[in-house]
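**Student:** Structure below; questions to follow.
2 protein chains.
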Amino acid sequence: MARTPGVAELVERAREGQPRAVARLISYVEDASPLLREVTAALAPYAGRAHVIGLTGSPGVGKSTTTSALVAEYRARSLRVGVLAVDPSSPFSGGALLGDRVRMQDHATDPGVFIRSMASRGHLGGLAWATPQAIRVLDAAGCDVVLVETVGVGQSEVEVAGAADTTVVLLAPGMGDGVQAAKAGILEIGDVFVVNKADRDGADSTVRELRHMITLGSGPRAGSVADPWQPPVLRTVASRREGVEEVVAALDEHRGWLERTGALTQRRRTRAEGEIEAIAFGLLRTRIGDLHGDARLESLAARVVDGDTDPYAAADTLVAGLAL
Amino acid sequence: MARTPGVAELVERAREGQPRAVARLISYVEDASPLLREVTAALAPYAGRAHVIGLTGSPGVGKSTTTSALVAEYRARSLRVGVLAVDPSSPFSGGALLGDRVRMQDHATDPGVFIRSMASRGHLGGLAWATPQAIRVLDAAGCDVVLVETVGVGQSEVEVAGAADTTVVLLAPGMGDGVQAAKAGILEIGDVFVVNKADRDGADSTVRELRHMITLGSGPRAGSVADPWQPPVLRTVASRREGVEEVVAALDEHRGWLERTGALTQRRRTRAEGEIEAIAFGLLRTRIGDLHGDARLESLAARVVDGDTDPYAAADTLVAGLAL
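So, in structure tokens, the structure goes:
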């Protein structure tokens, strides 16, 4: 059996672009391995370079086709690309590609592309927590662009999108799509809107409706009072790669805006705050859990049962006595 | 407008058995009112007297009919009874009786009976947390018996059952019921098993199967090595009140066993430990949440973004600096 490389060696290999090292590090993240703390520390100096782009949208709008077309476009520019396909509702994940991700196999043999499906197995904090860690791995591995494609809808989508520098909201022509977007809250999170399948009936009205809603909802965004970002609404037929170049141009423009206005640093700091809080919360949860069988907790519980104190006062005492 | 009575006055009125005071206190619990801490403290000296009985079982076994029959039986003995109908899956609750709880209206005008439906609205910790608090209200209000009827199935049922001194598992004749019970883990939580609708085909085999499974699974239970409790399997036709007297006798016997062996105190202490932990956890969560906008968190986040530290190390620093 081959020797298992240590974390430092894995990170070194990942930085050299070795796919197996990248895959193993992401597995550590996904499985919440005991090594995760060491992995995160080892990655810290190398993160923050990649442009992290989130792709979100309802099922059927062509997310995986669009992701594949974006990968091809970035590869044509000789950029290294990482793809995370995140499915908050699925317990399945790993190296195996999911069914509708079959188009991504165009890129499966390209050494400049890392593709990974992630699911929520094992993770206490869920994918909202694991995703930024996996992004760090791909970032440290030298990816210029990391595409985070969220499968599924709703709150988890919004949370996962929160891990991106730039969020692309995909729609397809169809009745009430704009209204649905507003309801799902994705109008607020979109930096670039893409109406895919734009060769279909109704594309014009979907674009018009979106532009109208964006104008109505526009206001100064973080770090942008003097230089506001107006989210563009673009058209693509991703299956024929039509309009994809323009999407990449808009993404580059947004990245430039983020850097110019300081919004990039602001967004990333807010994100880091959330991450630190989530980890701190997990640490405290563990400390509380460790109190099972502790004499202090037992004696407080006995006093509650006897009516000498109440659970709130007992919790105050317990928290005050926590050795942090 | 009438003056709103303070917590101390409400608790006093509840102890005198005034239904509106009881209802308001339970609303405070259910809504996680800011007054909840005060309410819990005011109730502490008066709790621990009632026999808390949990009723659980799959939909269709006749839980609400059985609850109603048990209420009638206890009332025939001039005992005061509280009923909590807990539905972890429903956002609806309050004074209004749920549809299938219509039989409980037999007791709606009886001043010796408090009936309350509870749902999970607003509660951070969910009903598993709110239920013991509501039980305290009914206990302090002088209920001799509190019946906690859980609507729904699965883990939430097991958690809510954890709030009871004695847990009744209801089943109805039918293929594979015993196996289902084993799968759902209710074989472990049942102190008294009741096969309702015992006039139907298959009742004998359900009873036999259950007795067999209980014998297989029997072992010493908490506080009972020298004096073990063997869960009885009883038959009822609750709609005709057949067998209900025997169920009440078994419940009394179990209560006697709990007191005799010290298991009652042991169970209640374990329960109080869980409650204290949950509240302590909530307090810490609030402290962490209060750090939004805090300079320490902001500076740690900036260092994570700059790659000077990683989120785990930052979380350690944050937790170490928490003023508890």
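Chains R and V, in that order, are what the protein sequence lines are.
Quick note, the first sequence lines up with residues 27 to 350 if you use the numbering used here.
Quick note, the second sequence lines up with residues 27 to 350 if you use the numbering used here.
We treat Cβ as the ideally placed atom computed from N, Cα and C, and that holds for glycine.
1) Between the region 293-311 of chain R and chain V, which residues of the former have a C-beta closer than 9 Å to a C-beta of the latter?
2) When burial is assigned at 16 or more other CB atoms within 10 Å of the CB, is L242 of chain V buried or exposed?
3) Excluding five sequence neighbours on each side, which residues of the same chain lie with their C-beta closer than 8 Å to the C-beta of R294 of chain V?
4) Just the C-alpha distance for A252 of chain R and V274 of chain R, rounded to the nearest angstrom, thanks.
5) My output table needs one value for L317 of chain V: the three-state DSSP class, helix, strand or coil.
6) I'd like the list of long-range same chain contacts for A321 of chain R, defined as Cβ closer than 6 Å, with 5 residues on each side in sequence excluded.
7) Starting from T93 of chain V and walking both ways along the alpha helix (DSSP H), at which residues does that stretch end?
8) From the DSSP output, in three-state form, read off L173 of chain V for me.
9) Drop a sphere of 10 angstroms on the beta-carbon of E35 of chain V, count the other beta-carbons inside from all chains shown, and report buried for 16 or more, exposed for fewer.
10) Checking 8 Å against the spacing of the C-beta atoms, do V171 of chain R and V107 of chain R come in under that value?
11) Could you tell me whether the Cβ of V331 of chain R comes closer than 8 Å to any Cβ of chain V?
12) What residues of chain V sit near R63 of chain R, judged by a beta carbon separation below 9 Å?
13) Are R261 of chain R and A229 of chain R close, meaning C-beta to C-beta below 8 Å?
14) What does V345 of chain V touch in chain R if you count any residue whose Cβ is under 8 Å from its own?
15) With a CB to CB cut of under 7 Å and the five nearest residues on each side skipped, what residues in its chain are close to E268 of chain R?
16) Could you check whether the Cβ of L326 of chain R sits closer than 8 Å to any Cβ belonging to chain V?
17) To the nearest angstrom, how far is it from the Cα of L310 of chain R to the Cα of M144 of chain V?
18) List the residues of chain V whose Cβ lies closer than 9 Å to the Cβ of G32 of chain R, in chain order.
19) Could you give the residue range of the alpha helix (DSSP H) that holds H280 of chain R?
20) Hey, how far is the Cα of V174 of chain R from the Cα of R313 of chain V?
21) Tell whether a beta-carbon distance below 8 Å holds between E64 of chain R and V33 of chain R.
22) Taking only the alpha-carbon atoms, compute the straight-line gap between P23 of chain R and T30 of chain R and give it to the nearest angstrom.
23) Helix or strand or just coil, what does DSSP make of L290 of chain V?
24) Whole angstroms are fine: how far does the CA of A76 of chain V sit from the CA of T66 of chain R?
25) Residues in the same chain with beta-carbon distance under 6 Å from R226 of chain V, minus the five sequence neighbours each way, listed in chain order, please.
26) Can you have a look at T135 of chain R and say buried or exposed, based on whether 16 or more other CB atoms are within 10 angstroms of its CB?
27) For A166 of chain R, which of helix, strand or coil comes out of DSSP?
**Tutor:** So, from the listed chains and residues:
1) Shown in chain order are the members of the region 293-311 of chain R whose Cβ falls below 9 Å from a Cβ of chain V: R294, R295, T296, R297, A298, E299, G300, E301, I302, E303, A304, I305, A306, F307, G308, L309, L310 and R311.
2) Residue burial annotation: L242 of chain V is exposed, with fewer than 16 other C-beta atoms found within 10 angstroms of its C-beta.
3) Closer than 8 Å at the Cβ level, and outside the excluded window around R294 of chain V, lie G74 and D191.
4) If I take the Cα positions, the gap works out to 25 Å.
5) In the three-state scheme derived from DSSP, where H, G and I count as helix and E and B as strand, L317 of chain V is classed as coil.
6) Nothing meets the Cβ criterion.
7) Segment K89 to A102, the alpha helix (DSSP H) holding T93 of chain V.
8) Per DSSP, reduced to three states, the secondary structure at L173 of chain V is strand.
9) Exposed is the label assigned to E35 of chain V, since fewer than 16 other Cβ atoms lie within 10 Å of its Cβ.
10) Cβ atoms of V171 of chain R and V107 of chain R: closer than 8 Å.
11) Yes, V331 of chain R counts as interfacial toward chain V.
12) The contact set of R63 of chain R on chain V, defined by CB atoms closer than 9 Å, consists of D336, Y338 and A339 in chain order.
13) Yes. Within cutoff.
14) Taking a Cβ-Cβ threshold of 8 Å, the residues of chain R close to V345 of chain V are A306, L309, L310 and L350, in chain order.
15) If the five residues before and after E268 of chain R are omitted, its C-beta is found closer than 7 Å to the C-beta atoms of T262, all from its own chain and listed in chain order.
16) At a cut-off of 8 Å, the C-beta of L326 of chain R has a neighbouring C-beta in chain V.
17) If you take the alpha carbons of L310 of chain R and M144 of chain V, they lie about 30 Å apart.
18) In chain order: nothing, as chain V lies at least about 17 Å away.
19) Per DSSP, H280 of chain R belongs to the alpha helix (DSSP H) from V270 to T287.
20) Distance between the alpha carbons of V174 of chain R and R313 of chain V is about 32 Å.
21) Contact annotation: E64 of chain R and V33 of chain R have beta-carbon atoms nearer than 8 Å.
22) The structure shown does not extend to residue 23 of chain R, since chain R spans only 27 to 350, so no value can be given for it.
23) L290 of chain V falls in the helix class under three-state DSSP.
24) T66 of chain R and A76 of chain V: Cα-Cα distance of roughly 52 Å.
25) Cβ within range, chain order: P199.
26) So T135 of chain R ends up on the exposed side.
27) A166 of chain R falls in the helix class under three-state DSSP.
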